[in-house]
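Oh and the sequence shown: position 153 is 174 in this note's numbering, straight run, nothing missing.
C-beta: ideal position from N, C-alpha, C; glycine also.
Everything numeric in this text was worked out from a predicted model, so none of it was measured.
Structure first, commentary second.
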Amino acid sequence: MSVFPDLCAIKLDCQIDNQNTAIELFQRCQHESYALLLDSAAQSHENGAYDIIFRQPELVLSCKAGKLKVSTSTSLELPPAPEDAAGLCRYAEQLNQLSGHYSGPDELPFQGGFAGAVGYDHGRSLEVIPEFNADTYQSPDAVLAYYSQALIIDRQTNTVWLVAPVNQSEALHEFWSQPVATKKPEAFQLLSNWQSNMNQHQYTDKFNAVQNYLLAGDAYQINLAQRYSANYQGCEWSAYLKLRQANSAPFSAFMRLPESAILSLSPERFLLTDAWGPVETKPIKGTRPRFDDKDQDQASQQALLSSAKDRAENLMIVDLLRNDLSKNCEPGSIETPSLFAIESFPAVHHLVSTVIGKLQPDRTPLSLFNGAFPGGSITGAPKIRAMQIIEELEPHRRNIYCGSIGYFSQHGRSDTSITIRTLLAEDGKLYCWAGGGLVADSTAADEYQETKDKVSRILPVLAS
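Below, the structure written as structure tokens:
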């Protein structure tokens, strides 16, 4: 039985400019609620295969304060929805099975299904986490929407495909095929300086508290973050364009919500699955700053590569993710084909490892996501205890920061990011976070500076 419409895929006659095609096309719908751009902004990065634009969802699942809400503009005959937010992924999994028939190329990554943003605080619905901080954000903890319309820009073949309901395909083809209007983006400006929710002295106090937990054996690694905020006015899409130009990243994204906007310049993949079962995760742990001087930049990269501390941090998270993947992958299928590889981005060098596996036949990408969320690279190890300590020490909740953005196609393909280098805009306030994993031989001054390095191509860009 299908609840959602049958879909087709139409190849559009578009001139492909790998730098700007997705941006120019998304400009048409960036103002619409639930418009979402998954933007492979880092042109040369190995993971930059597709840009995908989603708009006009059939249905929206949103979570706030532990409750799940279902919204739809049409009368769909849906199975009963759970009230608890913990059922978000299971319900989306159930609804994905009610997708209509898809007729189009098998290789397209999205063929109808869910996409959206799941914030770090959705983890409270999945694990037992104390509540030290009130939720002061308007933005939901999680939003997954069912999209029957998607525009897919294939960077490898220089083609553009429209996935659309069969009965709307003509009108949507006309919408996307119109000449792109070239107009100057609306203005954006900050109205105040960036303010952190902890100064260096306060950060050091919290760093010392983390060290006490580590020495007591509560955890091996704990991620500690500070939050920056500033007042702003104008168009959030314009802010994203400025950030994208200065800080391109392979898992960039922009999502417009009714009460907020999410601007993400993430370098980190959370989970990739293919229709036939392979799974991949690529945790980042280990950071050094970039330099304009070539020799200095090379020395910074080499220092990261040879750092025993950073390798130990990375290995802890690799072990955590191997465990998380094992909940839904076939026994014996989990491997680590790449340990401690260097990936370089405009602001920093990162140490990245790759873990792979294969889904059990009765499991789906959404059950895999649910079992591994939130990603271990931004919590610490062991995960639940690290999350409890984060809640105790950080002054505010994280919302979208350290959550995930991505899609779950009904045919089994999914790709999601870890939302680091990510900003939340709502009610005239812009929030941006930066953190890092602390271990027993970390030093407060170095870790504090690392948080500064991570936002060195974000905060100044929007302040100028």
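Three-state secondary structure assigned by DSSP to C50: coil
Residues that DSSP places opposite K88 in a beta bridge: K85, D105
Y112 vs A136 beta-carbon contact at 9 Å: no
With 16 other Cβ atoms within 10 Å as the buried cut-off, status of G133: buried
Check whether L212 and G449 have beta carbons under 9 Å apart: yes
Element boundaries [beta strand (DSSP E), containing P277]: For the record, residue 277 in the displayed sequence is Arg; it is not Pro. Counting along the chain, the beta strand (DSSP E) containing R277 begins and ends at 272-278.
Of the residues P367, L483, L341, the one placed nearest T357, counting alpha carbons only: L341
Check whether L380 and E351 have beta carbons under 9 Å apart: yes
DSSP three-state assignment for K379, whether helix, strand or coil: strand
Proximity below 9 Å, CB of M408 to CB of G144: yes
According to DSSP, residues forming a beta bridge with G137: L165, G427
The stretch 288-297 touching the stretch 157-176, judged by at least three CB pairs closer than 8 Å: no
Residue range of the alpha helix (DSSP H) that includes A320: 315-326
Candidates A43, C50, I73, A30, of which the one nearest F429 by Cα: I73
Helix, strand or coil at E98 [DSSP, three-state]: coil
Inter-residue Cα distance where the pair is Y123 and L28: 5 Å
Own chain, CB closer than 7 Å to S281, minus 5 neighbours either side, in chain order: Q159, S160, L445, A446, E447
Cβ contact check for the stretch 471-483 and the stretch 238-256: 3 or more pairs under 8 Å: yes
For R290, the residue or residues it bridges with in DSSP: S438
For V164 and A324, the rounded distance between their alpha carbons: 40 Å
S217 beta carbon near the ligand FAD (any heavy atom closer than 8 Å): Absent from the structure shown: the ligand FAD. Ligands present: none.
Alpha helix (DSSP H) segment containing K473, residue limits: 465-475
At least three beta-carbon pairs within less than 8 Å, the stretch 309-323 to the stretch 389-400: no
Start-to-end residues for the alpha helix (DSSP H) that takes in K404: 404-414
Cβ pair count under 8 Å reaching 3, the stretch 368-375 against the stretch 414-421: no
Assumed close pair V300, G353 - CB separation to whole angstroms, cut-off 8 Å: At roughly 14 Å, the Cβ-Cβ gap does not stay under 8 Å, so V300 and G353 are not in contact.
Residues that T443 bridges to, as DSSP identifies them: S285
Candidates Q431, V139, L33, P403, of which the one nearest W297 by Cα: Q431
Closest Cα partner of P279 within the set P130, T302, S83: S83
Straight-line Cα distance separating R343 from C35: 42 Å
Exposure label - V566; buried when at least 16 CB within 10 Å: Outside the shown range of the chain (22 to 485) lies residue 566, about which nothing can therefore be said.
Cβ contact (3+ pairs, closer than 8 Å) linking the stretch 478-485 and the stretch 263-277: yes
DSSP three-state assignment for H370, whether helix, strand or coil: strand
Reference T294, options E98, P130, V231, closest by Cα: P130
Local Cβ density within 10 Å of F153, reported as buried at 16 or more and exposed below that: exposed
L389: first and last residue of the uninterrupted alpha helix (DSSP H) it sits in: 386-393
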